[in-house]
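So that you can map any letter, position 272 of the sequence shown is 271 in numbering that gives the first Met the number 0, and since no number is skipped, the others follow by simple counting. Even glycine gets a Cβ: it sits at the ideal position worked out from N, Cα and C. Since this is a predicted model, take the numbers as computed values, not measurements. Below you'll find the structure, written out as structure tokens, and then a few comments.
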Amino acid sequence: MSGSPIINKEGEVIAIHGKADLAKLSQEQKSEIESQLQAKIETFSWGIPIKTYIENAHFAQATPPPLKTFSFETITINEKGEKIKSEKHEAQYFSENLGNGITMDMVLIPAGTFLMGSPETEKGRSNSESPQRRVTVASFFMGKYTVTQAQWRAVAALPQVKIPLKPNPSYFKGDNLPVDSVSWEEAVEFCVRLTRKTGREYRLPSEAEWEYAARAGTTTPFYFGETITSELANYNAADTYALEPRGIYRGKTTPVGSFPPNAFGLYDMHGNVWEWIADPWHDNYDGAPSDGSVWETGGKKGIRLLRGCSWDIYSRFCRAAYRNRIGFDIGGENIGFRVATSFIKIPSF
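If you want it as structure tokens, here you go:
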């Protein structure tokens, strides 16, 4: 389908659907394109953190809105895809009012330390997921779901900050479907508009925050356990990861929250749509920060990270540790995002 990434057997983006000539590029030509993207983003006025726009302002801690509690159940499966455990959990959240009856649930992610990346023994891993290292993440709030099309429209209707946002960019249509076909720069514009509306700094999560939130205390390839099935996530289950039977390939996005959550109460962290990450691409974790922050130094700033897998991708690319990337100005019908906030109060504009 037009606009979505084409991934080779190593999980690398080698072309974009609808642009078949890119699949024939040499490594030298690919490097040249990445260099052009690097130059392009350096002239683009976003920068990485949203606070770039208000970097001279004095920040103050905002009072969190009242938190509510929700209950949910998690599922754990064995390598055959058989359910071996179900557990009840609770998590805290608040609902951000986007106007016109549209809200966005933000779940409290507790602070903690985790092992980021994958071990050499993990099936389907790539060298970009190494070296494994311990990372400490401060508490923050993350979207319970990826941003929906209804939520996107509500924020897209707010005043423009840097770039325009189409009110309905998605290939697959539905209020409760994830917004798709949005670029990294459009996702950042969404966050800045939401920041100005609410007085809270909304942003894309860092790569470390995303993986910590996705794992939710697990160390297995998936938060469901040693494998994944199409009963638990929306991906291309025509291929198997472990000993589970082949599943179905839906060929489209599904409504957010259609499958069981992880232990933090987050839904669809495996599959449905790729999720934009704040960080630029680095080839591996050598020199990466250990405090959960965005890795702003070095890397390829014209290339941005994607996490989480999508409806059209095989299971090995849905692992919690898997890292994907694409140009910051590219969107596709398998790319969306979710937002994060740390309760920083933004001065009035």
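DSSP places Ser341 in the strand class (E or B) of the three-state scheme.
When the alpha-carbon of Asp278 is set against those of Ala287, Ser138, Pro118, the nearest one is in Ala287.
Where Val154 is concerned, the enclosing alpha helix (DSSP H) starts and stops at 148-155. It is roughly 24 Å from the alpha-carbon of Ala215 to the alpha-carbon of Asn333. In the structure shown, Val191 adopts helical secondary structure according to DSSP, grouped into three states. DSSP, reduced to helix, strand and coil, places Phe327 outside both helices and strands of the structure shown, so it counts as coil. In the DSSP assignment, Tyr92 forms a beta bridge with Lys67, Val106. A residue is called buried when at least 16 other Cβ atoms come within 10 angstroms of its Cβ; Pro130 does not meet this threshold and is exposed. Assigned with DSSP and collapsed to three states, Thr197 falls in helix.
Taking all protein chains in view, the Cβ of Gly250 is surrounded by fewer than 16 other Cβ atoms within 10 Å, so the residue is classified as exposed. With the rule of 3 Cβ pairs closer than 8 Å, the segment 136-144 does not count as touching the segment 238-248.
With fewer than 16 other CB atoms across the displayed protein chains lying within 10 angstroms of its CB, Glu81 is exposed. Boundaries of the beta strand (DSSP E) around Trp273: 273-280. Between Ser180 and Gly301, the C-beta gap is not smaller than 8 Å, which leaves the two residues out of contact. Here Thr112 is exposed, its C-beta having fewer than 16 other C-beta atoms within 10 Å. In the DSSP assignment, Arg214 falls within the unbroken alpha helix (DSSP H) covering 206-214. Between Pro259 and Leu231, the C-beta spacing is below 8 Å. Taking the C-beta atoms as reference points, Ala339 is found no nearer than 8 Å to Glu185. Around the CB of Gly100, fewer than 16 other CB atoms lie within 10 Å, so the residue is classed as exposed.
Where Thr135 is concerned, the enclosing beta strand (DSSP E) starts and stops at 132-136.
In this structure, the straight-line span from the alpha carbon of Ala156 to that of Lys196 is close to 11 Å. If you look at Ile302, you'll find it in the beta strand (DSSP E) that goes 299-306. Nearest C-alpha to Val191 among Leu164, Glu206, Ile83, Ser169: Leu164.
Between the beta-carbon of Thr296 and that of Asn271 there is about 32 Å, and that puts the pair past the 8 Å contact cut. If you draw a 10 Å sphere on the C-beta of Arg202, you find 16 or more other C-beta atoms in it, and that means buried.
Distance from the CA atom of Ala90 to the CA atom of Ala320, rounded to whole angstroms, is 24 Å. If the five residues before and after Ser70 are omitted, its C-beta is found closer than 6 Å to the C-beta atoms of Glu89, all from its own chain and listed in chain order. Separation of the CB atoms of Phe327 and Arg303 is rounded to 5 Å, and the pair is thereby assigned contact status at 8 Å. Phe263 is positioned such that its CB atom lies no closer than 8 Å to that of Ile76. As the crow flies, the alpha-carbon of Pro118 is around 15 Å from that of Thr226. For Pro168, the closest of Ile162, Ile276, Val178 by C-alpha to C-alpha distance is Val178. With fewer than 16 other CB atoms across the displayed protein chains lying within 10 angstroms of its CB, Thr68 is exposed. When beta bridges are read from the DSSP output, Phe140 appears opposite Leu107, Thr340. Listed as beta-bridge partners of Arg202 by DSSP are Ala339.
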